[in-house]
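Peer 1: Structure in structure tokens, see below.
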Amino acid sequence: MLTIEEISARLEIEQVITDYCTAVDSARFDDLDSVFATDAVIDYTAMGGITGDVGAVKDWLSQVLPAFSAYCHLVGNHDIRVDGDTATTRTLCLNPMQVPDDSTFLLGLWYADEWRLTDAGWRITRRTLEKCFDAKI
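Given below as structure tokens:
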């Protein structure tokens with residue numbers, strides 16, 4: 001049975017995952033500072049992106065996402081494992097991305113994350129994308 005602390009951690013972690021999606025989908029990249037730890041390593045290479053710290057990822061997103069006329073995140077199937085002040089998660093993400101000619105690419109991926117509870121709350125310390133599929137629809 002989950003303790004109140006574990007339930008709280010799971011809910012807080014799910015909210016941070018949602019905050020990530022909202023920040024990216026709204027092009028509010030500075031909001032990612034409240035998602036990732038200051039020393040986080042983010043690896044988007046499985047889907048053609050970069051590996052870097054939060055600053056590098058914010059810069060990269062601000063450069064590449066304007067090429068898409070529309071995009072969004074749909075996340076679910078959260079596998080959350082809390083161990084005291086650390087946690088790991090694996091979250092499914094479906095990410096349709098439309099280009100100006102109205103072609104749409106559907107990306108299916110997993111966010112494999114490592115977490116740390118900080119004074120400011122739960123933060124991702126490492127994010128690695130795992131490719132599930134990509135398709136032009």
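Taking the UniProt record's numbering as reference, the numbering of the sequence shown is continuous, increasing by one, and the terminal residue is 137. Built from N, CA and C at the ideal position, the CB exists for glycine as well.
Go ahead and pull the three-state DSSP assignment for ASP83.
Peer 2: In the sequence shown, the residue the question calls residue 83 occupies position 83. In the structure shown, ASP83 sits in a strand (DSSP, three-state: E or B).
Peer 1: So, at 7 angstroms on beta carbons, what are the nonlocal neighbours of ARG116 in its own chain, with the 5 sequence-adjacent residues on each side left out?
Peer 2: On the sequence shown, position 116 is the one that residue 116 refers to. Excluding sequence neighbours, ARG116 sits near ALA37, ASP85, THR86, ARG123 and THR125.
Peer 1: State the Cα-Cα distance for the pair ILE80 and ILE4, rounded to the nearest angstrom.
Peer 2: Translated into the one-based positions of the sequence shown, residue 80 becomes position 80. Translated into the one-based positions of the sequence shown, residue 4 becomes position 4. Those two C-alpha atoms are separated by around 15 angstroms.
Peer 1: In whole angstroms, what separates the C-alpha of LEU109 from that of ARG127?
Peer 2: As a working mapping, residue 109 is identified with position 109 in the sequence shown. As a working mapping, residue 127 is identified with position 127 in the sequence shown. Answer to the nearest angstrom: the Cα atoms are 12 angstroms apart.
Peer 1: Quick one: what's got a C-beta closer than 6 angstroms to ALA135's C-beta in the same chain, skipping five residues either side?
Peer 2: As a working note, residue 135 is residue 135 in the sequence shown. So the list reads LEU106, once near-sequence residues are dropped.
Peer 1: Using 8 angstroms for Cβ pairs, my map puts HIS78 next to THR91. What's the rounded Cβ distance?
Peer 2: Taking the sequence shown and counting its residues from 1, one reaches residue 78 at position 78. Taking the sequence shown and counting its residues from 1, one reaches residue 91 at position 91. Correct: roughly 5 angstroms between the Cβ atoms.
Peer 1: Can you tell me whether ARG10 is helix, strand or coil according to DSSP?
Peer 2: Taking the sequence shown and counting its residues from 1, the one referred to as residue 10 is at position 10. Three-state result, ARG10: helix.
Peer 1: Which complete alpha helix (DSSP H) runs does the UniProt domain "SnoaL-like" (5 to 128) hold, if anything under 4 residues is left out?
Peer 2: As far as the UniProt domain "SnoaL-like" (5 to 128) is concerned, its whole alpha helix (DSSP H) runs of at least 4 residues are 54 to 64.
Peer 1: Give a yes or no on whether the C-beta atoms belonging to PHE68 and MET47 are separated by under 8 angstroms.
Peer 2: On the sequence shown, position 68 is the one that residue 68 refers to. On the sequence shown, position 47 is the one that residue 47 refers to. Contact: no.
Peer 1: Do GLU6 and VAL82 come within 8 angstroms of each other at the CB atom, strictly closer than that value?
Peer 2: In the sequence shown, residue 82 corresponds to position 82, counting from 1. In the sequence shown, residue 6 corresponds to position 6, counting from 1. Taking 8 angstroms as the Cβ cut-off, VAL82 and GLU6 qualify as a contacting pair.
Peer 1: Determine the closest residue to ILE137 out of PHE29, ASP113, ASN95 and ALA112, with distance taken between C-alpha atoms.
Peer 2: The count along the sequence shown starts at 1 and reaches residue 137 at position 137. If we check each option's Cα against that of ILE137, ASN95 comes out closest.
Peer 1: How long is the line joining the alpha carbons of HIS73 and VAL57, rounded to whole angstroms?
Peer 2: Locating residue 73 in the sequence shown gives position 73, where the first residue counts as 1. Locating residue 57 in the sequence shown gives position 57, where the first residue counts as 1. Cα-Cα distance, rounded: 17 angstroms.
Peer 1: Judging by CA-CA distance, which residue of SER34, ASP25, ARG10 and THR51 is the nearest neighbour of VAL41?
Peer 2: Counting from one through the sequence shown, the residue named residue 41 turns up at place 41. VAL41 has its Cα closest to that of THR51, out of SER34, ASP25, ARG10 and THR51.
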